[in-house]
Amino acid sequence: MRHTELLPEPLAPEPLAILNRWMAEAWQHRLQPNPNAMVLATSDSAGRPSARVVLCKEVIEVPGYLVFYTNYLSRKGRQLAENPRAAAVIHWDALHRQVRIEGPVLQAPAADSDSYFASRPWPSRVAAWASAQSEPVASRAAMLESLSSATERFGTPLPGQPGTGSDLDITIPRPPHWGGYHLWAQTVELWVEGEARMHDRARWTRKLTELPSGYFETGPWTATRLQP
């Protein structure tokens, strides 16, 4: 499926409504297994970058941030603690669209992380306790032993065993080292593939002022059309 719709002229006053619409269309067509997959790039205090794919769980248009979840002690979690900024790319190859987002990153409120964690299938919740994400492990057998220990701790079946569906009603609390992040959109770039590589491309930027509450006061968006 090819979308020939280009970016509006004049450009829209803000970009995240377009991103949400594109995301909804990607889910509707399901031309890839995870339409909300995004590459997240972080760097440590020395500027050494790393990137990986995470799932964008929500786009909050106002005040303007993306939500993802992970282990706070993972490599990306440690890098975000050192340098709380990130860049993300969402690319829908079959829809010929791409989005780039850059900005500061804050941990999500604990209540939000608790709520999302409780909504996950129980095997994913018990696995969050079993895995010290990004840390070395002696063998696959040792990793499975850690999973078995976590199931004993919470009185759950071993995930994947016959008769242990993901819909079992099992209470497993959120690990303190696991939760959400908000990637605040300071720069957003939207891209639509064009004929003869004359792509349609635009960038929106705004000022973010950090508040004592830990959130940001947001300035107005400024839109600029870019050459391909």
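Heads up: the sequence shown begins at 851 in this note's numbering, then just goes up one per residue. Glycine included, each C-beta is placed from N, C-alpha and C at the ideal position. Just so it is clear, the structure is predicted and the values come from calculations on it, not from any experiment.
**Report entry** Contacting residues, own chain, Cβ-Cβ under 8 Å from Q929 (five flanking each side not counted)
**Finding:** Within the same chain, and ignoring the five residues on either side of Q929 in sequence, the residues whose Cβ sits closer than 8 Å to its Cβ are T892, S893, D894, S900.
**Report entry** Contacts around W1054, its chain only, beta-carbon distance under 6 Å, and the 5 residues preceding and following it disregarded
**Finding:** These residues qualify, in order along the chain: P865, V1038, W1071, A1073.
Query - N- and C-terminal bounds of the alpha helix (DSSP H) containing L945 - result: From DSSP, L945 is part of no alpha helix (DSSP H); its letter is neither H nor E.
Query raised in the report: What first and last residue would you give for the beta strand (DSSP E) that runs through I910?
Result: 908–910
Query raised in the report: What does DSSP give as the partner residues of T1006 in its beta bridges?
Result: Looking at the DSSP assignment, T1006 forms no beta bridge with any residue, so it has no partner.
Report task. Could you tell me the distance, in whole angstroms, from the CA atom of A1045 to the CA atom of Q1077? Result -> As written in the sequence, residue 1045 is Glu, which differs from the Ala given in the question. Between E1045 and Q1077, the C-alpha separation is close to 14 Å.
Query raised in the report: In three-state DSSP terms, what is T1055?
Result: Reduced to three states, the DSSP call for T1055 is strand.
Query raised in the report: Is T1059 buried or exposed, if buried means 16 or more other CB atoms sit within 10 Å of its CB?
Result: exposed
Query - Distance between S924 and E985 (C-alpha atoms, nearest Å) - result: The straight-line gap from Cα to Cα measures roughly 8 Å.
Query raised in the report: With a cut-off of 8 Å, do at least 3 Cβ pairs link the stretch 1016–1027 to the stretch 969–987?
Result: yes
Query raised in the report: Is the beta carbon of W972 sitting closer than 8 Å to the one on T1006?
Result: Result yes, Cβ atoms of W972 and T1006 sit closer than 8 Å.
**Report entry** Cβ shell of I868 (< 7 Å), same chain only, five flanking positions each side left out
**Finding:** A862, L1040
Query raised in the report: In this structure, does DSSP put N870 in helix, strand or coil?
Result: Secondary structure of N870 (DSSP, three-state): helix.
Query raised in the report: Anyone know if the C-beta pair for S857 and D1050 falls short of 8 Å?
Result: Position check: residue 857 holds Leu in this sequence, whereas Ser was assumed. Taking 8 Å as the Cβ cut-off, L857 and D1050 qualify as a contacting pair.
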